[in-house]
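Those protein sequences? They're chains V and W, same order as listed. When we follow the working numbering, the leftmost residue of the first sequence carries the number 52, and every step to the right adds one. When we follow the working numbering, the leftmost residue of the second sequence carries the number 18, and every step to the right adds one. Reading through the structure tokens given below for one structure.
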Amino acid sequence: MEHLLTLERITKIFTGTLALSDVDFDLRQGEIHALVGENGAGKSTLIKIITGIYQPDGGQMTLEGRRVVFPDARASYDHGIAAIYQEASLFEDLSIAENIYMGHQEIRPVTRNIRWGALYRKAGEFIKSLEVNLNPRALVKSLSIAEKQLVEIIKALSADAKILIMDEPTASLTKEEIDYLFRIARKLREEGTGIIFISHRLEEVFDIADRVTVIRDGKKVGTVPKDKLKVEELVRMMVGKDLKTLYPKEEVEIGEPVLRIENLSRHGEFDKVSFELKKGEILGMAGLVGAGRTEVARTIFGVENPEGGRIFLEGKQVRIENPRQAMELGIAYLSESRGEYGLVLQLDITQNITIPILKRFSRFGWINRTDERDTAKRFYDLLDIRATGIQQKVGSLSGGNQQKVSLAKWLAANAKILILDEPTKGIDIATKAAVHKLMSDLAGEGKAILMISSEIPEIIGMSDRIIVMNEGRLVSEITRREATQEIVLTAALGEKGK
Amino acid sequence: MNSRSYKSRLRELVRRREFGIFIIIVIVMVLVGLRNPIFFTGDNWKDMLMYASILAFISIGQMMTIVTGGIDLSVGSVVALSGMSVGIIMRDNPALPPVVLILLGTVFGLGCGIINGLLIGKGKVHPLITTLATMSIYRGLVVVVSRSRWVVYGDITKGFKLIARGNILGINNLMFAALIIAVVSYYFLNHTRKGREIYAYGDHQEAAKFVGINSTRINILVYALSGMLAGFGGVLWVSRVHTAQANTALGYEMQTIASCVIGGVSIFGGVGSVFGVLLGTLLFGIILNSLELIGIVDFWKLSVQGFIILVAVIFDAVLSHRVAEQMRKQRRVFDAE
Ligand SMILES: Nc1ncnc2c1ncn2[C@@H]1O[C@H](COP(=O)(O)OP(=O)(O)OP(=O)(O)O)[C@@H](O)[C@H]1O
Ligand SMILES: [Mg+2]
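Now the structure itself:
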């Protein structure tokens with residue numbers, strides 16, 4: 052098989068961090084090459100060097116036998132390299148079609164003006180050919196997180212590239228869309244495209260990859276053909292030690308209901324949702340993307356207000372009009388998107404973790420910095436956040452480490468009720484196990500946890516009880532004992548599944 | 018066309034911001050016209066539109082910087098500097114044809130704008146800081162180049178006066194210039210790749226990098242354009258008012274920003290239209306003119322300007338919230354059982 056792309060001895064230094072050190076990597080024609088490693092290992096940095104967003108401090112790149120240097124992303128695009136980045140990279144106030152073709156819109160030869168009619172037509176046809184239901188004229192800001200992720204994928208596919216790079220493309224998608232994405236990826240592989248695929252979900256890696264390259268602390272550990280690889284071995288290469296179980300859920304005594312939702316409704320989002328959450332319980336909430344799970348969570352937390360229905364806390368009806376009231380009532384909400392109600396990228400790790408609980412460290416308006424730092428440090432260690440220290444700005448952390456910081460922030464809040472929306476999205480496997488352990492411990496202490504997750508194994512592995520939403524309705528409740536992948540998935544698919 | 022789609026189109030139109038501005042313009046006109054009938058005289062309108070024309074195209078330049086997420090506070094000083102320099106050159110060489118003077122002023126402005134753009138694009142200095150500094154520097158230069166001798170009525174040549182007073186195709190030159198600039202800018206911003214890149218860059222600077230948009234070039238471009246338009250405006254300004262002083266166009270940045278904000282340009286970047294800015298300028302021009310006619314002192318005028326900006330921003334916040342709500346309700350409709 053022919054070598055499409057070869058990287059030799061790539062090194063990248065950020066102020067204070069050696070992100071990559073002498074990394075070799077190669078991609079063949081018609082292969083899917085998975086890139087795995089812990090949060091902060093340097094995967095995204097390597098990707099951005101390939102696409103020309105970062106310039107390497109050492110090493111060289113060869114594309115189809117020729118040395119190449121890409122000064123910016125346009126240059127790599129022109130050489131047939133397209134990428135889906137880990138972070139949201141769409142223009143919210145522009146239409147879907149414009150996002151897809153930004154920078155390479157079709158123009159008339161002499162006047163050089165954009166052919167808008169052709170652009171929308173082409174976008175519409177392309178979207179239709181992928182059997183996706185999106186209006187090319189819709190503004191991106193009107194889409195849900197998963198739909199945005201689909202647009203990112205469509206944008207990369209539209210490039211018709213020789214090399215397709217996908218940095219955690221599955222993080223906000225559910226099983227159905229992931230299967231769909233994989234079908235497309237396999238088809239492209241048939242046609243000779245080289246694909247680089249990054250994911251923390253090892254079952255995905257084993258499902259689709261031909262070869263796997265492991266990076267740890269900026270160094271390459273090795274490249275192995277998938278057929279010669281066992282899961283345990285891969286984990287050892289990534290983490291440097293063995294991992295006992297990913298889902299260390301312990302049986303704890305389940306107490307009285309602390310949160311009860313009755314017929315909660317919001318027009319166009321969800322309809323007559325009712326459920327109970329008990330002390331010591333981890334309640335898993337499954338469903339397809341767009342089923343209305345996040346919307347329910349946001350409404351409970353007071354980000355949005357319900358248009359119908361009631362909320363009870365320990366038997367008493369409450370009105371939650373804004374997140375502050377929710378926090379005062381002992382509810383914490385880890386948002387699905389880190390940007391929104393999540394992190395302040397300009398502030399450091401400590402400040403981000405302690406924002407909701409500053410009161411605890413202040414006397415007469417003065418903040419006790421030592422206490423503040425101690426608390427931050429505890430969660431920093433507990434979640435194994437990889438950074439130069441608790442004073443590093445959150446904006447310069449790797450994606451997974453940012454997720455850990457927002458998790459730490461809500462865990463530190465010490466709430467009675469934790470609503471965790473995709474808590475382990477983008478988090479590496481070792482930390483994922485640690486987060487699961489922590490959730491189990493918190494439940495043991497009598498906290499009540501509502502966990503929204505699109506990863507069915509996580510739902511099954513961690514929940515005492517599972518509720519499933521479909522198109523804005525609660526359609527099914529499943530106990531831990533009877534739960535299997537098939538049952539949960541069929542319920543989530545609803546009518547479509549039958 | 019069936020009546021249904023006609024109706025929905027009408028509703029669409031009513032919902033648009035431009036329509037709202039239009040309604041407010043009409044209301045203000047009626048109110049002011051009742052208080053002071055001079056408002057409706059042709060002379061008053063011509064005066065006002067001549068003022069608003071210069072404001073309009075400088076605001077279009079301002080809009081481009083705001084759309085990138087920046088701001089150009091130096092436009093007022095550039096107007097003054099270009100106006101003063103050109104005025105002095107004219108005083109020393111009365112024989113120079115006005116076209117040359119217009120070109121010179123435009124080039125001076127372009128130079129000022131390129132300096133802003135280089136500092137912001139290459140030097141990565143924040144636009145607010147950069148243009149705050151150059152605003153003072155350029156204003157200081159006005160005094161330096163004039164050696165404290167202002168350009169006065171007697172210095173203005175007949176040909177130069179004609180720039181503002183003359184007509185093309187029966188339309189006053191200033192209005193004609195504003196129209197042409199508006200059309201060209203509209204075309205540039207909406208129908209060329211570079212124009213769309215300006216919006217994309219202002220929408221999400223990090224993502225712009227991912228599609229290979231060169232931030233340095235975008236910044237140099239928009240500040241150069243803004244400076245160029247302000248330089249051009251400076252020449253027209255002197256031709257209109259017949260003097261150039263150290264305090265010419267003092268506080269003008271406020272007026273251009275106000276016109277943009279009223280016209281729906283988002284201060285967070287990424288959103289704004291030429292048409293909106295034109296209407297914004299028109300409304301703002303009418304309000305300024307009305308204040309004068311009603312006899313409000315200058316000192317209050319500033320407060321009123323600030324107040325208008327505030328109202329426009331709050332209006333925007335409310336509006337965008339309502340639009341988001343509407344989108345949500347349209348997204349998925351449950352069939353009641
Ligand atoms: N712009 C930046 N400035 C400073 N340090 C950075 C920057 N970008 C990344 N880093 C650092 O480089 C290292 C590698 O980051 P990278 O984003 O490549 O990790 P990753 O393997 O993609 O992790 P994840 O799985 O969490 O996405 C991290 O230690 C990170 O903090
Ligand atoms: Mg990454």
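Ideal placement from N, C-alpha and C gives every residue a C-beta, glycine not left out. The structure presented is a predicted model; accordingly, all values stated were derived computationally and were not measured.
Other residues of its chain near residue i: CB distance less than 7 Å, five sequence neighbours each side excluded
i	result
W/Ser256	Phe177, Lys178, Ile180 and Ala181
V/Glu320	Gly343, Glu346 and Gly523
V/Asp322	Ser316, Gly523 and Arg524
V/Ala427	Ile400, Thr401, Ile404, Thr405 and Ile441
V/Ser491	Pro299, Lys300 and Glu301
V/Lys304	Per the sequence shown, residue 304 of chain V should be read as Glu rather than Lys. Cβ neighbours of V/Glu304 beyond the five flanking positions: Gly331.
V/Pro122	Gly103
V/Gly243	Gln80 and Gly81
W/Gly302	Met65, Tyr68, Ala69 and Leu72
V/Arg531	Ser514, Asp515 and Arg516
W/Glu342	none
V/Glu537	none
V/Gly131	Ala212, Lys213 and Ile214
Proximity below 8 Å, CB of residue i to CB of residue j
i	j	result
W/Gly251	W/Val103	yes
V/Gly245	V/Ile214	yes
W/Asp89	W/Asn53	no
V/Val272	V/Ile480	no
V/Leu385	V/Pro474	yes
V/Gly451	V/Asn150	no
W/Leu246	W/Phe125	no
V/Thr225	V/Val120	no
V/Leu493	V/Val445	no
Proximal residues to residue i (C-beta, below 6 Å), its chain only, five neighbours per side dropped
i	result
V/Thr57	Asp77 and Thr113
V/Phe248	Ile83, Ala85 and Met217
W/Glu270	Leu90, Val92 and Gly93
V/Ala222	Lys476 and Gly477
Same chain, Cβ closer than 8 Å to residue i, five either side skipped, listed in chain order
i	result
W/Ile131	Ile237, Tyr240, Ala241 and Gly244
V/Glu241	Gly81
V/Ala466	Met378, Gly381, Ile382, Ala383 and Lys498
W/Glu354	Note on W/Glu354: pLDDT 27, under 50, position unreliable in the model; the coordinate value appears next. Nothing listed; no residue qualifies.
W/Leu113	Ile106 and Met107
Residue i versus the options, residue with shortest Cα-Cα distance
i	options	result
V/Glu327	V/Arg172, V/Gly353, V/Leu239 and V/Ile362	V/Ile362
V/Leu334	V/Pro374, V/Ile235 and V/Pro308	V/Pro308
W/Tyr223	V/Phe142, V/Lys410 and V/Val395	In the sequence on display, residue 223 of chain W carries Glu and not Tyr. Considering only alpha carbons, the answer is V/Phe142.
W/Gly323	W/Val291, W/Ile279, W/Ser153 and W/Ala217	W/Ile279
V/Ser542	V/Val526, V/Tyr136, V/Ala174 and V/Lys63	The identity of residue 542 of chain V in the sequence shown is Ala, whereas the question assumes Ser. The candidate whose alpha carbon is nearest that of V/Ala542 is V/Val526.
V/Gly429	V/Ile351, V/Phe415, V/Ile507 and V/Lys455	The question names Gly, yet the displayed sequence has Arg at residue 429 of chain V. Considering only alpha carbons, the answer is V/Lys455.
V/Asn164	W/Met80, W/Leu206, W/Ile185 and W/Phe57	W/Leu206
V/Ile117	V/Thr264, V/Glu228 and V/His54	Note on identity: in this sequence residue 117 of chain V is Arg, with Ile being the wrong assignment. Comparing Cα positions, the closest option is V/His54.
V/Leu540	V/Val395, V/Ala337 and V/Val369	V/Ala337
V/Ala348	V/Arg311, V/Asp472, V/Val286 and V/Ala459	V/Asp472
V/Val87	V/Leu462, V/His318, V/Leu253 and V/Gly341	V/Leu253
V/Ala210	V/Arg159, V/Ser127, V/Glu138 and V/Pro220	V/Ser127
W/Arg234	W/Thr82, W/Phe39 and W/Ile55	W/Thr82
V/Asn356	V/Arg370, V/Asp258 and V/Asp230	V/Arg370
Per-residue contacts from residue i into chain C (C-beta, under 7 Å)
i	result
W/Ile230	Here the protein chains are V and W, and chain C is not one of them.
Could you run through the region 141–160 of chain V and flag, in chain order, every residue whose CB is less than 9 Å away from some CB of chain W? Leu141, Phe142, Glu143, Asp144, Leu145, Glu149, Asn150, Met153, Gly154, His155, Gln156 and Ile158
Looking at chain W, which residues of the region 269–288 of chain V have a Cβ within less than 8 Å of any of its Cβ atoms? none
For the region 160–187 of chain V, which residues have a CB atom closer than 7 Å to at least one CB atom of chain W, in sequence order? Arg163, Asn164 and Ile165
Which residues, taken in chain order from the region 413–432 of chain V, show a beta carbon closer than 7 Å to some beta carbon of chain W? none
In chain order, what residues of the region 210–223 of chain W put their CB closer than 8 Å to some CB of chain V? Arg210, Arg213, Glu214, Tyr216, Ala217, Asp220, His221 and Glu223
Contact between the region 223–241 of chain V and the region 148–162 of chain V (3+ Cβ pairs under 8 Å): no
Mind checking the region 247–258 of chain V against chain W and listing, in chain order, the residues whose C-beta falls within less than 7 Å of any C-beta there? none
By the 7 Å beta-carbon criterion, what residues does the region 199–227 of chain V contribute toward chain W? none
Any residues in the region 111–126 of chain V with a beta carbon nearer than 8 Å to a beta carbon of chain W? Which ones, in chain order? Asp123, Ala124, Arg125 and Ala126
I want to know whether the region 94–103 of chain V touches the region 60–79 of chain V - three or more CB-CB distances under 8 Å. yes
Closer than 7 Å, Cβ to Cβ, to anything on chain V: give me those residues from the region 270–290 of chain W, in chain order. Gly287 and Val288
Evaluate the contact criterion for the region 35–48 of chain W versus the region 207–215 of chain W: three or more CB pairs, one atom per stretch, below 8 Å. no
I want to know whether the region 277–295 of chain W touches the region 105–117 of chain W - three or more CB-CB distances under 8 Å. no
The region 137–150 of chain W: positions lying closer than 9 Å to chain V by Cβ: none
Would you list, in chain order, the members of the region 91–110 of chain V that have their beta-carbon closer than 7 Å to a beta-carbon of chain W? Ile104
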